[in-house]
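Novice: Numbering (our numbering), first residue to last: 1 to 235. Can you keep this structure in mind? I'll have questions shortly.
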């Protein structure tokens, strides 16, 4: 009698423990909100940057990097743009951690966000004729904050490139399991976005013509891919 009376109780206590708890509506809403922040980061950063590039006197995107917009009397606009985009990336990384099985993709997105915040706070030196009145060419010596900006930017771009490739693998595995064309296309878009930023960064580092333009195109492509990733993974 003892064994028959305890056996059902044992089974009943094990059954719930063996099933993963479904996320609550509150958790789901929180994840959607955080992924919404990630979705906004890229388009917002790109729009604010490109509008300034098109309207600032003396700024030439084929010669001047977007970071140079942080200098001059209106530099606070681009500083704020960098910091806000970084905050949105950091918040979005938390949502991504809840939505994907990859451990490294959210970490890399968070690192890129922290790097972007640092790049916004550490301002480049005026250079190559911008702002208007600045001598042509690069300054003879770089300030500590300009060096810090370069380091922070390198960390941001490296983490962002890696995040795109890691997400490419994530969506490729998802496509293999589900067989959906959407996941397969997203995997290809992730790989292409990471490659666009990598190529743009290398082109700019070599000092080739229009290097700042190719770097901007690559950065915008990679940032905006995170919008696609956020939308694809929203619960």
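Just so you know, even glycine gets a beta-carbon here, dropped at the ideal spot from N, CA and C. It should be emphasised that the depicted structure is a prediction, and the values quoted were computed from it without experimental measurement.
Under the three-state reduction of DSSP, which class applies to residue 127: helix, strand or coil?
Specialist: Of the three classes helix, strand and coil, the one that applies to residue 127 here is strand, per DSSP.
Novice: How is residue 171 classed by DSSP in three states: helix, strand or coil?
Specialist: Helix, per DSSP.
Novice: Taking only three categories from DSSP, how would you classify residue 97?
Specialist: Three-state result, residue 97: helix.
Novice: In angstroms with no decimal places, state the Cα-to-Cα distance between residue 224 and residue 45.
Specialist: About 9 Å.
Novice: Look at the Cβ atom of residue 158, then the Cβ atom of residue 116, and state whether they are nearer than 7 Å.
Specialist: It is not a contact, given that the beta carbons lie outside the stated cut-off.
Novice: If I follow the unbroken alpha helix (DSSP H) through residue 44, where does it start and stop?
Specialist: Segment 25–55, the alpha helix (DSSP H) holding residue 44.
Novice: Can at least three beta-carbon pairs, one atom from the region 54–66 and one from the region 99–119, be found at a separation below 8 Å?
Specialist: The answer is no - the region 99–119 does not touch the region 54–66, with fewer than three Cβ pairs under 8 Å.
Novice: Do you know how far the Cα of residue 103 is from the Cα of residue 35?
Specialist: Roughly 16 Å between the two C-alpha positions.
Novice: Do you know how far the Cα of residue 149 is from the Cα of residue 68?
Specialist: Going from the Cα of residue 68 to the Cα of residue 149 covers about 11 Å.
Novice: Check whether the region 85–97 and the region 107–114 are in contact - that is, three or more C-beta pairs closer than 8 Å.
Specialist: The region 85–97 is in contact with the region 107–114.
Novice: For residue 202, which three-state DSSP category applies?
Specialist: Helix.
Novice: Check whether the Cβ atoms of residue 203 and residue 214 sit closer than 7 Å, and answer yes or no.
Specialist: Their beta carbons are under 7 Å apart, which means residue 203 touches residue 214 by this criterion.
Novice: May I have the straight-line CA-CA distance separating residue 140 from residue 154, to the nearest angstrom?
Specialist: Near 21 Å, if we compare the C-alpha coordinates of residue 154 and residue 140.
Novice: Figure out for me which residue from 124, 166 and 167 has the closest Cα to the Cα of residue 152.
Specialist: Answer by Cα proximity: 124.
Novice: Which residues in the same chain as residue 131 place their Cβ atom closer than 7 Å to its Cβ, once the five residues preceding and following it in sequence are excluded?
Specialist: The residues are 58, 71 and 72.
Novice: Which residue's Cα is closest to the Cα of residue 127: 183, 66, 229 and 24?
Specialist: That would be 66, whose Cα lies nearest to the Cα of residue 127.
Novice: Is the distance from the Cβ of residue 199 to the Cβ of residue 187 below 7 Å?
Specialist: No, the Cβ-Cβ distance between residue 199 and residue 187 is not below 7 Å.
Novice: Helix, strand or coil: which one does DSSP assign to residue 143?
Specialist: Of the three classes helix, strand and coil, the one that applies to residue 143 here is coil, per DSSP.
Novice: If I follow the unbroken alpha helix (DSSP H) through residue 138, where does it start and stop?
Specialist: Here residue 138 belongs to no alpha helix (DSSP H), and DSSP marks it neither H nor E.
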